[in-house]
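In what follows, a structure is listed as structure tokens, so that the remarks can point back to it.
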Amino acid sequence: MTDRDHIVDRLADYAVGALRGRTKARVERHLAECPACRRELATLQRTGELLNAVSLEQAPPETWDAVRERIGDLRRASAPTRPRFAWGLAMGLAAVLIVALGIFLQRPTPVGEPLLVVAVEADDEMQATIDGHLSTMWAAPLADEAAVGLRLAEWENGG
Amino acid sequence: MRPYAISLFLLSLVFAGPCLADSTPWQAVWGSETATDKITMTGSANVMTVNDGRSLSATAAVTAARGKIRFDYQASKRRWSLIDDGTHLIQLHPDRKTALLLERPTLAVDRTLAERNYLAREEGEETVAGRRARIIEIAPREGGPPVYRLWLDRETRFALKRERHNVEGRLTSGTEYTAVQFGPAIAPEVFAVPQGWVTRQPVDKEAKLSLSQLGARLGFAVRSPKYIPPGYVLLGGYEQEWGRHRLRMAELRYTDGLRVLSIFQRERMGDEGMGRHGARGRGQGRGEGDRGRGGGLGLGPPGREKMTLVDRGTEKALRYFGRSAAVVVVGDLTAEEIVRIAKSVD
Amino acid sequence: MTEERDEVQEIVARARSGDMAAFEELYRSHQAGIFTFIRSQVRHREIAADLTQETFVRAWESLPRLRKPGAFRGWLHRIAANLVRDEVKSGRSRLEVTESTLLGDAETPQQEAPVPESDGPEQRLVDGEMSRHIWAALEDLSEEHRAAVVMHHMEGMSVEEIAQAMGVRPGTIMSRLSRAREALRNRLSRYVEEASDD
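For the protein sequence lines, the chains are A, B and C, in the order given.
Each residue of the first sequence is one higher than the last, beginning at 267 in the numbering used here.
Each residue of the second sequence is one higher than the last, beginning at 79 in the numbering used here.
Each residue of the third sequence is one higher than the last, beginning at 77 in the numbering used here.
Take a look at the structure:
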């Protein structure tokens, strides 16, 4: 009885081809003797076949035209598309550029050294790590919970 | 007359006990951390924080009792609440009648570590919310601007005003009570989600893992940084999943007693970090306008590896592409320190 | 299989040097797979189309930096997966299953006239209703499991290819496929169980 339970758990693994060596042999031995498990395996295999038969969906026909046009733009353009920033951000940008220059001037970058880029906006990955760090700040000793709470709310509200 | 005076004197001893003990600054500080464990408090405060270069502010009605605390915020027309009940951070949205439960991270409070790395100095007295408050400044022992300035109520040690400065000495958050009352009766429902509200709770629980456990879970070798700023110790490793699409990263979390340093890492994919330019628009006429992607501004020739630094004021985040890992370091440290930490990982 | 790989490599090589006709060939052969993959993660058709467009534009830009031209398909999926991740994180595409999805609405990926996969081992037609149910069942899976199923069963990618594309070990992909198989076997029981004698 225990053996059968064990096997039933591994049937899906067997069906997708994930089993090897002794485990695989054990399952196969059991299958040879157990019609119920053979039926279940067949069901699992049919599931796979069903999925194999689902057809792919075509992208809308106008997609290629859009791709080609944008590639054309890229080939023609010499500069990246215009970034948008508000005046406040521009001020911030000036400030961080000065910081970046400061870092550069202090230490000349040898060839092969990673180049530091100071970003005004965090991309989603970096924003996620900042958000993650924020929640640990809440629990830190002496943390200003009220203020951390303000930032947490901004995060939740998509601010 | 005399017996009256004597009993008054004795009575005042009972209530003024904590003051007469004349605690050291650190003692007073730790006392403030547990001030509302035994007493109840209601009050209102002005709250301000710097986020991404912008200043956020709100007023908050605050309720505290039995180690739990609740903030009812109001900013412009928005109202929302935050409850810390000791196990969860609960965000309440009254307009939607929904609550979001976040697991409250438990950072073991290591007082010895904090006292080893920081000094607590007495800086005088002021009146806050009509009460006498002792000003205590906490600054790194090795020198530098103070991290915290606390105004602690003489009687209860409750922090009536609190200011936080970043490593560069800039004020990054402040909370100041304008009115406060100690001792009122507070119903336990105050710290719970109201009846009938919809509660969302992300399933992930934070479990502390070892480096090898993290590596096994994530399927790549999780590395330790070779450089960590002096005073920081490792709290633990965590597996983090961010966003709906669940980007998985390992987090190594460090603290110096007061500040938290997080080092996230994941496998570097393909051609990442190879001179990609950011701030590009996407799509055509989708009504979203040109939305920057990647958020980087290339300051050098294309094709070279990049590190991206974001300075939020309250903390900085740096992403660095090593040989095989993408590393993101988040903490309140100087840019140089953060770069050094990131590079020492891979 | 190896012939296919060599062919792709050759086309990729031409596309890298700026041959637009070659890139269009790559587009033609990979657009349905990418669109279906993206659509399985992002419900809105328009957004999926937009992300598909973006995937190929980025592929064009980064093609010179593709180290292994033979791994083009996996690499392309990686670009698509990153875009989907950013999109989902931005909150615009919410993946909660609603009742309308379960009952099968217009948003669920399906084709009016299903085309049988000429490469598939089984020449079985999956009709409209079955297709709707299969997609509804896929919605119940986590994004990772769904992605693995789409890439392996519908696009015919090998476990190794998928593992490279998603940045995980092949064992992880196997495990996802296995768990997905169990879950789908139950959800799709009416189609896959034998007529019972009970």
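All residues carry an ideal CB built from backbone N, CA and C; glycine is no exception.
Check: Which residue comes first and which comes last in the beta strand (DSSP E) that contains A257(B)?
Finding: L249 to F260
Next item on the list: Determine the chain B residues that contact V244(C) at a beta-carbon separation under 7 Å, and present them in chain order.
Entry: In chain order: G297.
Check: For L375(B) and chain C, any beta-carbon pair shorter than 8 Å?
Finding: Residue placement at L375(B) cannot be trusted, given a pLDDT of 31 that sits under 50; what the coordinates show is reported in the next sentence. No - not a single Cβ of chain C is within 8 Å of the one on L375(B).
Check: Starting from Y103(C) and walking both ways along the alpha helix (DSSP H), at which residues does that stretch end?
Finding: M96 to Q117
Checklist line | R417(A) versus T402(A): straight-line alpha-carbon distance, rounded | finding: 13 Å
Margin query: Within 10 Å of its beta-carbon, does N262(C) have 16 or more other beta-carbons around it, so buried, or fewer, so exposed?
Written below: Classification for N262(C): exposed.
Check: Based on Cα-Cα distance, which residue from V160(C), F148(C) and H153(C) lies nearest to L127(C)?
Finding: The option with the nearest alpha carbon to L127(C) is V160(C).
Margin query: Pop quiz: A89(C) and R154(C) are said to be a contact at Cβ under 8 Å. What is the actual Cβ separation, rounded to whole angstroms?
Written below: That pair is no contact at about 20 Å.
Checklist line | Min CB distance E294(A) to chain C below 8 Å | finding: Closer than 8 Å: no.
Checklist line | Inter-residue Cα distance where the pair is G208(B) and R240(B) | finding: Straight-line Cα distance between these residues: approximately 16 Å.
Item checked: Interface residues of chain B facing E411(A) [CB-CB closer than 7 Å] -> Taking a Cβ-Cβ cut-off of 7 Å, the neighbours of E411(A) in chain B comprise I147 and D162, given in sequence order.
Next item on the list: Within its chain, find whatever has a CB closer than 6 Å to the CB of L170(B); leave out the 5 residues flanking it on each side and keep chain order.
Entry: S159 and A177
Check: If the cut is a Cβ gap below 8 Å, which residues of chain C does R336(A) touch?
Finding: Q129 and V133
Check: In the structure shown, what three-state DSSP assignment does M206(C) receive?
Finding: The answer is helix: DSSP assigns M206(C) an H, G or I state.
Item checked: Beta bridge counterpart(s) of W229(B) as assigned by DSSP -> I213(B) and K239(B)
Check: T248(C) touches chain B at which residues, Cβ-Cβ below 8 Å?
Finding: G297
Margin query: Once the 5 residues before and after R348(A) are set aside, which same chain residues still bring their CB inside 6 Å of it?
Written below: The predicted position of R348(A) is uncertain, since its pLDDT is 49 and thus under 50; no value can be drawn from it.
Item checked: Buried or exposed by the 16-neighbour rule on C-beta atoms within 10 Å, applied to A156(C) -> buried
Check: What number of angstroms, rounded off, separates the C-alpha of E294(A) from the C-alpha of L277(A)?
Finding: So the two alpha carbons sit approximately 10 Å from each other.
Check: What number of angstroms, rounded off, separates the C-alpha of M233(C) from the C-alpha of V407(B)?
Finding: 35 Å
Margin query: Assuming M126(B) is part of the beta strand (DSSP E), what are its boundary residues?
Written below: First-last of the beta strand (DSSP E) with M126(B): M119 to N129.
Check: Does the beta-carbon distance from R194(B) to D162(B) come in below 8 Å?
Finding: D162(B) is positioned such that its CB atom lies no closer than 8 Å to that of R194(B).
Next item on the list: Could you please give me the residues that DSSP links to F149(B) through a beta bridge?
Entry: V140(B) and L160(B)
Note to self: To the nearest angstrom, how far is the alpha carbon of N318(A) from that of V338(B)?
What the structure shows: 49 Å
Note to self: Let me check one thing: in DSSP terms, what residues is H221(C) bridge-paired to?
What the structure shows: None; H221(C) has no bridge partner.
Checklist line | Residues near F269(B) in its chain [Cβ-Cβ closer than 7 Å; skip 5 each side] | finding: K146, R148, I161 and D163
Check: For M250(C), does the three-state DSSP call read helix, strand or coil?
Finding: Note: M250(C) maps to helix in three-state DSSP.
Checklist line | Residue from A395(B), G309(B), V311(B) and S288(B) whose Cα sits closest to the Cα of E317(B) | finding: S288(B)
Check: Can you give, in chain order, each stretch of the beta strand (DSSP E) that sits fully within the stretch 283-339 of chain B and has at least 3 residues?
Finding: Taken in chain order, the unbroken stretches of beta strand (DSSP E) that lie wholly in the stretch 283-339 of chain B and span 3 residues or more are 311-320 and 325-333.
Next item on the list: Give the range of the beta strand (DSSP E) segment to which G202(B) is assigned.
Entry: Counted as a single uninterrupted DSSP element, the beta strand (DSSP E) harbouring G202(B) occupies residues Y196 to V206.
Next item on the list: Report all residues from its chain with a CB closer than 7 Å to the CB of E201(B); omit the five preceding and five following residues, and keep chain order.
Entry: I213, I214 and E215
Check: Quick one: which chain A residues come within Cβ less than 8 Å of N244(B)?
Finding: What N244(B) touches in chain A: nothing, since even the nearest Cβ is about 12 Å away.
Item checked: Contacts around E219(C), its chain only, beta-carbon distance under 6 Å, and the 5 residues preceding and following it disregarded -> Cβ within range, chain order: Q117.
Next item on the list: Check whether the Cβ of R115(C) lies closer than 8 Å to any Cβ atom in chain B.
Entry: no
Next item on the list: Tell me whether R417(A) sits in a helix, a strand or coil according to DSSP, three-state version.
Entry: Correct three-state label for R417(A): helix.
Next item on the list: Compare the C-beta of F269(B) with all C-beta atoms of chain A and state if any pair is closer than 8 Å.
Entry: No, no contact with chain A.
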